[in-house]
Each structure stands twice: as C-alpha cells, then as structure tokens.
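There are 2 protein chains.
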Amino acid sequence: MTHNKKDKGNKLVIIGGDAAGMSAASKVRREQPDREIIVFEQSRYTSYSACGIPYFISEIVKTAEELIVRSPEEFRNKYNINVKTLHRVTNVDTKNKKVKVFDIGNDTEFWEEYDQLLIATGGKAFCPDMEGKDAEGIFGISTLKSGIKVENFIETEKPKAAVIIGGGYIGLEMAEALLMRGLKVTIINRSEQVMATLDPDMGIKISDAIKNLGVTLYCNESLTGFKTVNNRVVGVTSDKRTITADMVILGMGSSPNTDFLKGSGIQLGVANAIKVNAQMQTNIPDVWAAGDCTETFNIVSQKPMYIALGTVANKTGLVAGSSIAGEETLFPGAVGTAVCKICRYEVARTGLLEKELDAMNIEYVTGIIDSKTRAHYYPNAKDITVKLIAEKKSGRLLGGQIIGEEGAAKRIDVLATALTHRLTLQNIIDLDLSYAPPFSPVWDPVQTAARHLIKKI
Amino acid sequence: MTHNKKDKGNKLVIIGGDAAGMSAASKVRREQPDREIIVFEQSRYTSYSACGIPYFISEIVKTAEELIVRSPEEFRNKYNINVKTLHRVTNVDTKNKKVKVFDIGNDTEFWEEYDQLLIATGGKAFCPDMEGKDAEGIFGISTLKSGIKVENFIETEKPKAAVIIGGGYIGLEMAEALLMRGLKVTIINRSEQVMATLDPDMGIKISDAIKNLGVTLYCNESLTGFKTVNNRVVGVTSDKRTITADMVILGMGSSPNTDFLKGSGIQLGVANAIKVNAQMQTNIPDVWAAGDCTETFNIVSQKPMYIALGTVANKTGLVAGSSIAGEETLFPGAVGTAVCKICRYEVARTGLLEKELDAMNIEYVTGIIDSKTRAHYYPNAKDITVKLIAEKKSGRLLGGQIIGEEGAAKRIDVLATALTHRLTLQNIIDLDLSYAPPFSPVWDPVQTAARHLIKKI
Chain A
1037 MTHNKKDKGN
1047 KLVIIGGDAA
1057 GMSAASKVRR
1067 EQPDREIIVF
1077 EQSRYTSYSA
1087 CGIPYFISEI
1097 VKTAEELIVR
1107 SPEEFRNKYN
1117 INVKTLHRVT
1127 NVDTKNKKVK
1137 VFDIGNDTEF
1147 WEEYDQLLIA
1157 TGGKAFCPDM
1167 EGKDAEGIFG
1177 ISTLKSGIKV
1187 ENFIETEKPK
1197 AAVIIGGGYI
1207 GLEMAEALLM
1217 RGLKVTIINR
1227 SEQVMATLDP
1237 DMGIKISDAI
1247 KNLGVTLYCN
1257 ESLTGFKTVN
1267 NRVVGVTSDK
1277 RTITADMVIL
1287 GMGSSPNTDF
1297 LKGSGIQLGV
1307 ANAIKVNAQM
1317 QTNIPDVWAA
1327 GDCTETFNIV
1337 SQKPMYIALG
1347 TVANKTGLVA
1357 GSSIAGEETL
1367 FPGAVGTAVC
1377 KICRYEVART
1387 GLLEKELDAM
1397 NIEYVTGIID
1407 SKTRAHYYPN
1417 AKDITVKLIA
1427 EKKSGRLLGG
1437 QIIGEEGAAK
1447 RIDVLATALT
1457 HRLTLQNIID
1467 LDLSYAPPFS
1477 PVWDPVQTAA
1487 RHLIKKI
Chain B
1037 MTHNKKDKGN
1047 KLVIIGGDAA
1057 GMSAASKVRR
1067 EQPDREIIVF
1077 EQSRYTSYSA
1087 CGIPYFISEI
1097 VKTAEELIVR
1107 SPEEFRNKYN
1117 INVKTLHRVT
1127 NVDTKNKKVK
1137 VFDIGNDTEF
1147 WEEYDQLLIA
1157 TGGKAFCPDM
1167 EGKDAEGIFG
1177 ISTLKSGIKV
1187 ENFIETEKPK
1197 AAVIIGGGYI
1207 GLEMAEALLM
1217 RGLKVTIINR
1227 SEQVMATLDP
1237 DMGIKISDAI
1247 KNLGVTLYCN
1257 ESLTGFKTVN
1267 NRVVGVTSDK
1277 RTITADMVIL
1287 GMGSSPNTDF
1297 LKGSGIQLGV
1307 ANAIKVNAQM
1317 QTNIPDVWAA
1327 GDCTETFNIV
1337 SQKPMYIALG
1347 TVANKTGLVA
1357 GSSIAGEETL
1367 FPGAVGTAVC
1377 KICRYEVART
1387 GLLEKELDAM
1397 NIEYVTGIID
1407 SKTRAHYYPN
1417 AKDITVKLIA
1427 EKKSGRLLGG
1437 QIIGEEGAAK
1447 RIDVLATALT
1457 HRLTLQNIID
1467 LDLSYAPPFS
1477 PVWDPVQTAA
1487 RHLIKKI
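As they're listed, the protein sequences go chains A and B.
For the record, in the first sequence the residue sitting at position 28 is 1064 according to the numbering used here, with numbers rising by one throughout.
For the record, in the second sequence the residue sitting at position 441 is 1477 according to the numbering used here, with numbers rising by one throughout.
Here's what the structure looks like:
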C-alpha cells in the first residue's frame, strides 16, 4: 500500500474522469493554474461522449477515438491535470480526508489524501441478477469500453438477431444502430409503452413508429431469463415467450455509481444518488459531487429527481469546479429535457408527466396537436405532434412532449426555456419565434399547441 | 355610386384580405357567429403566403394555389365572411364611419358604412421613381399576382441573367429562386453588407456565403437607372457600372400601404405605419389596424418600429379580431426575430443591432463563436456561427444573430424567448436545452456563445 502525501497545498482529488469530473478539473485549472489536481478514472478513457456510443456501433462514427474529446495524455501534458486511468476508488474516508484507490493495472491498493474531493463517478447500467447474465453476447451500454465490445462482437461474430431489453432512450438508439447493422431487432418492454418519460398517449405513437421501422415490439412483457449454450447467449425468455437471439442489449436504465460510498457519511437521496446543494456540495465539508452520481433539482416540481444526462453532467461539473475554485456560481437545476432519434423519427420531452402531476395533486389540462415542421406547401414538410400540459388555474406550462420527423425535436428547447422561466400558454403564443417557409409554419407548432390548449383554461 | 346601408347591427368592415385581415375576420366569426363581416381586398386572392412566393418562382412549390390557405369562396361559403375581391378602398371617412370603395372589375365607386373598421392593407414593395421602371422584365415581389407574373416571365421569356436590387431577405430568397431556375444572378446592394438587419461583422459572412453560391455581389453600390429597349429591360446602371440583364427584381424594402389614409385623422408613426395600442386600436374610436400597415412595439428597445413579417401580421390580426369581438387579449410586441434561407445557408436574427444600441447609449458587449449543429463526430455536423450582444452591466441579452447551414437558424427561437423575458447570459447557460449527438453538441451553440460572452461582463 502506497501512501502519497504532500506536505502542504490544497490538493484536489477527483473520482471519475468523464464529463462531470473533467469539466470540473478543466474549470479549476483555468481559475487556479498551479493547483494540484489528481483524477482517478477506472477505465482507459477520459472525457468521451457516452451518448455517442450507439453511433459508433452503427458505424456512422467510424472510430471510437472520435468520441473522445480529450485524452488522458492531453489532460496531463497540456493542462497539468494528473489523470490516473485504470484506477478505481473503492472507499472514501471523509474523517481523515483520504480515498482508497485500486490500481487495476498493477493490482495494488493505496490511500490518497485530499484537501478537497469531487465525486463524479457517473452511473452504471442496470443488469438483472439472472443466471447467464455474464454470457457472451449480452451487453450493457454505459461505458466506451462496453461500446467497443459490442462493435467488435458485431464485426467478428456477425449476429443476425438481437433482443433489446427496455424501450427507453438507450434501447431505441441501440435499435437504430442494430437495424443499421442489418440485424433483426426485437424490443421487450416491461410497461405498456416505450419511452416511459413520455405520457402513454404519446408513448403509443412512438411504439407505432418503431413498428413502422420493422422492429418487433413486445410491450407489457418482462425478461425472465437468458438462454445460453456454452456460455454464449442464444435467446431470452419473457413471461410470455421465448425469443431466439445471438445478441442481447440491456437498456433497463441506469443507477448512480455510489455503492463505494457506504459508510462514508456522504448523504444519498433519490435512487441512491448523492445529495448536493446548488454549489454541488455534499453534506460533508470539502466534498463535492457532480454528474450522473448526484440528484438533480427539478425546477418544475421543485423536488430532487434522478436523471443521467450529458448536459446536466457538463453543467454540474462546471459549477462544482467553479465552487471548488472559490467562485459563487449556482446550478439552478433542470426541467428534464431529453431528446432521442430513432431512424427517421425524433422524440423530445421536457417537464412533468401527467402521472407526476397527479401524484402532486396539481390540476392540469393537456392538448395534442398535429402540425408540420415547415410551411405546408414547402417540400419535405414533416409531421410533428406536440403535446402540452399546463396548470389549469394559471395556464402556466408544466410539460411538453414532441414526436415527429426531421426538424421536430429541437423545438422542445423553446418549451424548456418557457418551463424554466414559468411562462404561460399566452406567453408562448406571444413569443416572436422565427418564421420562413423552409423552417416553420407561420405559427410554430409549439405555438399552435399553446393556442389549442389555452381554450381549455 | 352605391351606398350600402344596414339599418341596424354592428357591421365590421375589414380593408385587406391577407394574413392580418383574415386572421381577424376568422377570429371575430368564431366569437360572433351572426355578425356581418365585409372584407375588401384589391387582389383576386385572400390569405396566401406572401413569404412562399420565392418558392413558387423557384418551382419547388408547383402551383400558386398551394400558397393559398383559404380562398375567397371558402371564406364566403364556409365562414359567412363577405369577401369582395378586386375592391380597393381609396378613402376612409372616420367622421361619418364609411369607406370609399373602388370596384376594379366594374370600374365603379361606392361608399360603405361601418360600425367597426379594421385596416389591414399590408405593405408595398418600394419602387424607385426612375425612367423605365414600368418596363417589361422589372418586378417587385409583394403580392401573389407579382409572383405569378415573375414565374410566367421566366417560363415564357427564358431570361438568362437577372439583377436583384437589394440584398435583404427578399433579395436573397429571390437569388436562391433564380439560381435554381438556372439564371446568372447579380445583386446590387447599396450599403457595405447584405442583410442590413445583421451587424456588419455577421453581414460580411453572408456576403461571402452568397459569393460561394456563384452570385455576383456588388456592395456599396446604388441603382442609378434602368436600360430598356422597346419598353423591355436590357440592363441596369449603378453609380459604378452597367450590368446587362433581361430581368430585374426590386428587393429594396417595403413600406406600409397607408397613403389612402391621408386626411382620415388616423395617426401614423414610424415610416408612416399606423399607430396602434396593444389592442391594435388606432387613435380613432372603432378603428383598428393590424399587420404590415402598422407600427410594431419593440419589446427590447421599448419603442415602436416598422417591420413587415407574416408572424406579426397573424398575431396582430388575431389580437385585433379578439379586441373587436370584445375580448381583452393584448399584443405585447415583437423582438424582431427573422430567418432566411439562401440555398444551403441559413441566417437568423433577433433583438437589437450594435448601431441601435449605440444610438440608445446602452453599454454592451458582443461575442461571436463558431460551433456545430450536431456533435462534432456525428455525420453532417454543419457549421454554425452565433453572435450575442448583452448589456454590459447586467449581462441581459440584447440581441442574437446566427449564420450557418442546415439546423442552424431555428436556434434563434431560444434567443427570441430569452429576449422577450429579459434573460441574462447566465440564464441562457443554465437552460436545460435538449442534447443528443444527432441534434446538438452537449452545449448547444447558443449556450457556447453565452459562455464565451459572459467572460466579458
């Protein structure tokens, strides 16, 4: 066991070298050029786009390297950030301000002291505890390493049929990728609709879209087991059927990587994500947390939630770095904006769902409209369906969901802005949004939706 | 002279049957099913998309009829709105509450009384008072009729070279249309840059883009005359040269159609546009005005401005109709959002220009960033350049300008929303905008621009 100790200084230790951790490290470096910064990262990679993995698997991105924003070498050489890859932190001793580190390459352990600590360990893909789960051909998608494994498997094993467990973002993006690689794709989805982050009336439209693309979709159906031969997957069983498959993708959601914090005194909250304030400080002095391992404050519900999103990871990393460097930036939270493409379809959402509003006893109205992404007479005007949810008594926007084709999804950004700043349907109607025939109907679809829904207020 | 008089009732007369007039008529009809509504429209058409004319000329829209949202017959038969096309109002007598109408088809005149009057006469393309201006081959683009004339001219006369006077929205959209029809295109632009609605540092980028497309662009150059042979245009002269052309498009801006209001007592303002309050009422009781013939309140400068935009025409028409029907909707004004496509380039703008801020003695900072429309590694990630202007002391956004390729322009909508609701650069950075690799970098380009500019605050 090595025990690195600096006599003096103000040493910053960061656990996790992806979006949140490296955003923070870079920010601290910009503000404090001479500070000692050590980053422990359990993989070989830093600062890569996890969201880009499906596009590497589909081969529209040619190499895994393209997904890497900055390499460990670049951080070390150009930014003087001491990145130690293949180092996993297994324990945090907040009383003595040190972390226990497992050096994977050398199979050794040591304690590293810190003056300030940032935990940015991200999330991990959920894996069901079933026999055969470690068989060849079964993959979770959460790290670049896992993405590379999948790509290699397709390249060398040439699987014909894949089953994807779960119809969330990763499930749908992986469906696109595998369709593009020529596989037959089946999705097994536990609930009634894919995309549980949308209301059922919109989710059903996505289910229809997915079937249009040639995906076999089984909803209301749960994985019950893996079928393997010689430790290699040959199919899955659900509560309703057996499906042959030479490849299985687990898209069953993710959870924060916080198991190693047990006994540290660091307070966890929703889904065992780390509780933080707006400066990304934990309950323990000199310990910050950021990214997918933390709770996120939901601006609309005014309650903490758990979401794992690259945007939030980058923002909270920046705020944590800012706070560590002594600045006073605050992270105001998020409204739950997310977007997803599957082949020609685009899906976007922001704000609260009907079921969340029901649970909060908020009286609301909802409306759905169909429009076009361009002027109706302009070539390639694509379908767009917009659902809005507003508070009944005030008309204040509470949520928005969009399904459509090219040009549809990014319109969610106006609704996300409206949500954050508590705009009403009338405010949305009054917005001076851009119009020319190649870009929009004269009333943007989000405004058409607001005009439709305001009649119910 | 006919003198129509109804004994009783509450007769609404509307002058102008395009976006503003027919939005108002439709709204009144929805609220007051039995009310008498007469619309006088000088052309043969109602409710057409003037913004769509360049796309009809380029032939990507096949027929002029596709640009018509609702025909006069449909308004008459389905909505019981008495639309009289080929009727031009030449005088308004606000004391006796009647308008003088010229029946173009029958070459007769009559007076029509009103209980309430809405003026929605739109704008007219500026035409320089020069010899030869009425020669064949010289066209302004403002009405559907003018668009049809241009299309017919290209079809039958097969012109080879066109000169466009003016590098504003219409000039650029017509350049695209004529390039698509195979013409050689020259633009003569009076000022240093095309698109005077952008700052010079962004305008120069559009000038470069236009040249890339094969357009010959002469800036700092003014039209001095038309060259004609047998009343047919063969070229134009500028203060610097003579250019051969068998077709000339006038894109020199437009002005409100308000000349016929002289002596009516109706107050005019900026650029002779009609002064209105937030309910679209003029200074004369029972007289409303809406659309391109009115002033528009600029929410950012808090001053009236003149802009001719389909979005504002539709909105103010709706508010006028609402007010006429006794409701209390208000039009809060606009922030000057506009968007334009020329071949593969997209241009968008909102808010105030540097020169406007200089004139108002507001201290501001500006910054320009280059980014991509998608994740850097995603195929077809296109260039996007974003300029932001913010108030120096508060960081409040004052303006935004975007130039880029596919997927760039519509991002202006977040900035337009931010402007309307007085958001700061920090507010923009904090927005929970949507991200997935096919749609955006993890920091949306408008946020990257805000992060860049906030350093100067």
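C-beta: ideal position from N, C-alpha, C; glycine also.
Going along the chain, which residues of its own chain have a beta-carbon closer than 6 Å to the beta-carbon of residue i, five neighbours each way excluded?
i         : result
Gln1068/B : Ala1361
Arg1487/B : Ile1465
Val1375/B : Ala1384 and Ala1445
Ile1490/B : Leu1461
Ile1174/B : Val1269 and Val1284
How many angstroms separate the CA atom of residue i from the CA atom of residue j?
i         : j         : result
Ile1184/A : Val1284/A : 15 Å
Leu1434/A : Lys1446/A : 18 Å
Lys1041/A : Asp1151/A : Because the pLDDT at Lys1041/A is just 37, under 50, the model does not fix this residue reliably, and the value given afterwards should be weighed accordingly. Spanning the two alpha carbons is a distance of roughly 11 Å.
Glu1212/B : Val1272/A : 55 Å
Asn1116/B : Ala1061/B : 10 Å
Gly1159/A : Phe1333/A : 17 Å
Asn1118/B : Ile1200/A : 60 Å
Phe1076/A : Ser1182/A : 19 Å
Asp1129/A : Ala1325/A : 15 Å
Ile1398/A : Ser1337/A : 10 Å
Ser1178/A : Thr1294/A : 15 Å
Asn1441/B : Ser1059/B : Residue identity differs from the one stated: residue 1441/B is Glu in this sequence, not Asn. For Glu1441/B and Ser1059/B, the distance between alpha carbons rounds to 33 Å.
Leu1253/A : Lys1311/A : 37 Å
Lys1418/A : Ile1425/A : 23 Å
Tyr1205/A : Glu1382/B : 30 Å
Thr1280/B : Gly1261/B : 12 Å
Lys1194/A : Glu1187/A : 10 Å
Val1137/B : Ala1156/B : 15 Å
Arg1112/B : Glu1172/B : 36 Å
Pro1292/B : Gly1369/B : 17 Å
Tyr1414/B : Ile1343/A : 24 Å
Under the DSSP definition of a beta bridge, which residues are partnered with residue i?
i         : result
Met1494/A : As displayed, chain A neither begins before 1037 nor continues past 1493, which places residue 1494/A out of reach and without an answer.
Glu1149/A : Lys1134/A
Leu1286/A : Gly1176/A and Ile1201/A
Pro1292/A : Gly1159/A
Tyr1400/A : Glu1427/A
Lys1298/A : Paired residues: none, contrary to the question.
Give a single yes or no on whether residue i has its beta carbon closer than 7 Å to a heavy atom of the ligand GTP.
i         : result
Gly1088/B : Because no ligand of any kind appears in the structure shown, any question about the ligand GTP cannot be addressed here.
Please report the residue range of the alpha helix (DSSP H) in which residue i lies.
i         : result
Asp1419/A : From DSSP, Asp1419/A is part of no alpha helix (DSSP H) but of the beta strand (DSSP E) over Asp1419 to Glu1427.
Arg1268/B : It is not in any alpha helix (DSSP H) - Arg1268/B instead sits in the beta strand (DSSP E) that spans Arg1268 to Ser1274.
Glu1382/B : Segment Tyr1381 to Gly1387 is the beta strand (DSSP E) holding Glu1382/B; no alpha helix (DSSP H) there.
Ile1016/B : Nothing can be reported for residue 1016/B, as the shown portion of chain B is limited to 1037 through 1493.
Phe1076/B : Run containing Phe1076/B: none in the alpha helix (DSSP H); it sits in the beta strand (DSSP E), Ile1073 to Glu1077.
Sorted by chain position, which residues of the same chain lie with C-beta nearer than 8 Å to residue i's C-beta, five sequence neighbours on each side aside?
i         : result
Asp1322/B : Lys1133, Tyr1150, Asp1151, Gln1152 and Leu1153
Arg1217/B : Ile1093, Ser1094, Glu1095 and Ile1190
With burial defined as no fewer than 16 other Cβ atoms inside 10 Å of the residue's Cβ, what is the status of residue i: buried or exposed?
i         : result
Arg1065/B : buried
Gly1052/B : buried
Ser1083/A : buried
Val1265/B : exposed
Gln1303/A : exposed
Arg1432/B : buried
Lys1276/A : exposed
Met1210/A : buried
Asn1142/A : exposed
Tell me where the beta strand (DSSP E) around residue i begins and ends.
i         : result
Thr1121/A : Asn1118 to Thr1121
Val1375/B : Ala1374 to Ile1378
Ala1325/B : Val1323 to Ala1325
Val1105/B : Per DSSP, Val1105/B belongs to no beta strand (DSSP E) and is neither H nor E.
Counting only the same chain and skipping the five closest in sequence on each side, list residues whose C-beta sits under 7 Å from that of residue i.
i         : result
Leu1259/A : Pro1164, Ile1201, Ile1224, Val1272 and Ser1274
Gln1229/B : Pro1236, Gly1239, Ile1240, Ser1243 and Cys1255
Thr1453/B : none
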